[in-house]
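A.B. asks: By this note's numbering, the letter at position 187 of the sequence shown is numbered 730, and the numbering carries on one by one without gaps. Note that the Cβ used here is the ideal one computed from N, Cα and C, for glycine as well.
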Amino acid sequence: MFGAGYTPQYSACIAMGAGAFLLLFDARLSFDTARTLKRLERVMLTAGRQVALIAAIILCASIVIGVLGITGLGIKITSLILSGSGGMLWPALLLTALACLVLGMEVPTTAAYVICISVAGPALIELGLEPLQAHLFVFWFALLSTITPPVCGAVFIAAGMVEENWLKVALTAMALGLGLYFIPLGMIANPALIELGSNPVAALLAAAKVLAGLVALSFAIIAPGKVLLRIGAFFIGLLVLFI
Numbered sequence: 544m545f546g547a548g549y550t551p552q553y554s555a556c557i558a559m560g561a562g563a564f565l566l567l568f569d570a571r572l573s574f575d576t577a578r579t580l581k582r583l584e585r586v587m588l589t590a591g592r593q594v595a596l597i598a599a600i601i602l603c604a605s606i607v608i609g610v611l612g613i614t615g616l617g618i619k620i621t622s623l624i625l626s627g628s629g630g631m632l633w634p635a636l637l638l639t640a641l642a643c644l645v646l647g648m649e650v651p652t653t654a655a656y657v658i659c660i661s662v663a664g665p666a667l668i669e670l671g672l673e674p675l676q677a678h679l680f681v682f683w684f685a686l687l688s689t690i691t692p693p694v695c696g697a698v699f700i701a702a703g704m705v706e707e708n709w710l711k712v713a714l715t716a717m718a719l720g721l722g723l724y725f726i727p728l729g730m731i732a733n734p735a736l737i738e739l740g741s742n743p744v745a746a747l748l749a750a751a752k753v754l755a756g757l758v759a760l761s762f763a764i765i766a767p768g769k770v771l772l773r774i775g776a777f778f779i780g781l782l783v784l785f786i
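Put into structure tokens, the structure is as follows:
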């Protein structure tokens with residue numbers, strides 16, 4: 544329904560109605576009232592628990608946004624990034640990534656991007672990044688807050704669905720999504736990666752280089768094997784990605 548252009552709210556309502564209708568039937572498409580009532584009870588209890596969890600996350604996010612607006616902390620973060628990095632780009636990128644992970648805590652994508660670019664973007668542009676690079680970097684790390692503790696909304700929802708400890712789910716998500724944390728850094732180290740329109744050959748070569756580095760890093764983190772081999776793969780991945 545998203546692909547057809549329907550809004551998330553409308554799509555969710557239709558999905559809820561379709562799901563409730565399907566509860567009326569069993570695997571043989573025969574109507575079973577007793578089983579339907581049991582299923583409906585289980586669905587309502589599960590939905591109530593998950594809604595309570597999501598409501599708590601939204602409350603935490605609203606507190607963060609309120610503090611930023613009242614205290615003017617967002618404006619101060621830019622100067623802190625510049626002073627804390629000593630005017631050097633890579634330390635500034637690490638500080639910006641940390642700020643984006645915190646400021647993007649469980650707010651909608653657009654809101655997370657707007658908050659983060661307003662407080663961190665000017666610092667990166669002042670240190671020499673192209674505006675497009677700065678915007679993509681900030682946007683990417685703002686999105687990663689959904690799987691990064693402490694306020695990792697997608698992780699809490701997934702943990703509730705599988706009834707597993709949220710921290711275990713968060714660590715697994717971060718390990719499986721390791722490449723997501725390195726892609727924006729690789730984009731800064733390989734500026735040709737975002738020049739597909741003007742220089743497609745250089746962009747494709749940069750993409751192949753970044754992909755090779757990400758494969759090596761992912762192997763080092765999640766693949767089984769000897770420790771020395773995985774350590775070697777980790778450093779090789781870093782060299783390929785950033786040199």
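Check each candidate in F725, I624, V770, L771 and name the one with the smallest Cα separation from A750.
C.D. replies: When each option's Cα is compared against that of A750, the closest is F725.
A.B. asks: Under DSSP, the alpha helix (DSSP H) around I765 begins and ends at which residues?
C.D. replies: 743-765
A.B. asks: Out of L632, F568, F699, which has the shortest C-alpha to C-alpha gap to I597?
C.D. replies: Of the candidates L632, F568, F699, the residue whose Cα lies closest to the Cα of I597 is F699.
A.B. asks: Please look up how many angstroms separate the CB atoms of I620 and A663, rounded, as I've assumed it's under 8 angstroms.
C.D. replies: 7 angstroms
A.B. asks: Which residues mark the beginning and the end of the alpha helix (DSSP H) in which F682 is found?
C.D. replies: 674-687
A.B. asks: In angstroms with no decimal places, state the Cα-to-Cα distance between L679 and S628.
C.D. replies: The straight-line gap separating the alpha-carbon atoms of L679 and S628 is approximately 20 angstroms.
A.B. asks: Can you give the beta carbon distance from A635 to F684, rounded, assuming they're within the 8 angstroms contact cut?
C.D. replies: About 13 angstroms; that fails the 8 angstroms criterion.
A.B. asks: Need the endpoints of the alpha helix (DSSP H) that F564 sits in, please.
C.D. replies: 551-565
A.B. asks: Give a yes or no on whether the C-beta atoms belonging to L566 and R582 are separated by under 8 angstroms.
C.D. replies: yes
A.B. asks: Would you give the residue range spanned by the alpha helix (DSSP H) that T639 belongs to?
C.D. replies: 632-646
A.B. asks: For A697, report the span of its alpha helix (DSSP H) as first-last.
C.D. replies: 696-705
A.B. asks: How about G671 and L632: are their beta carbons less than 8 angstroms apart?
C.D. replies: Taking 8 angstroms as the Cβ cut-off, G671 and L632 qualify as a contacting pair.
A.B. asks: Report buried or exposed for A788, applying the criterion of at least 16 other Cβ atoms within 10 angstroms of its Cβ.
C.D. replies: The displayed coordinates of the chain run from 544 to 786. Any statement about residue 788 would go beyond what the structure contains.
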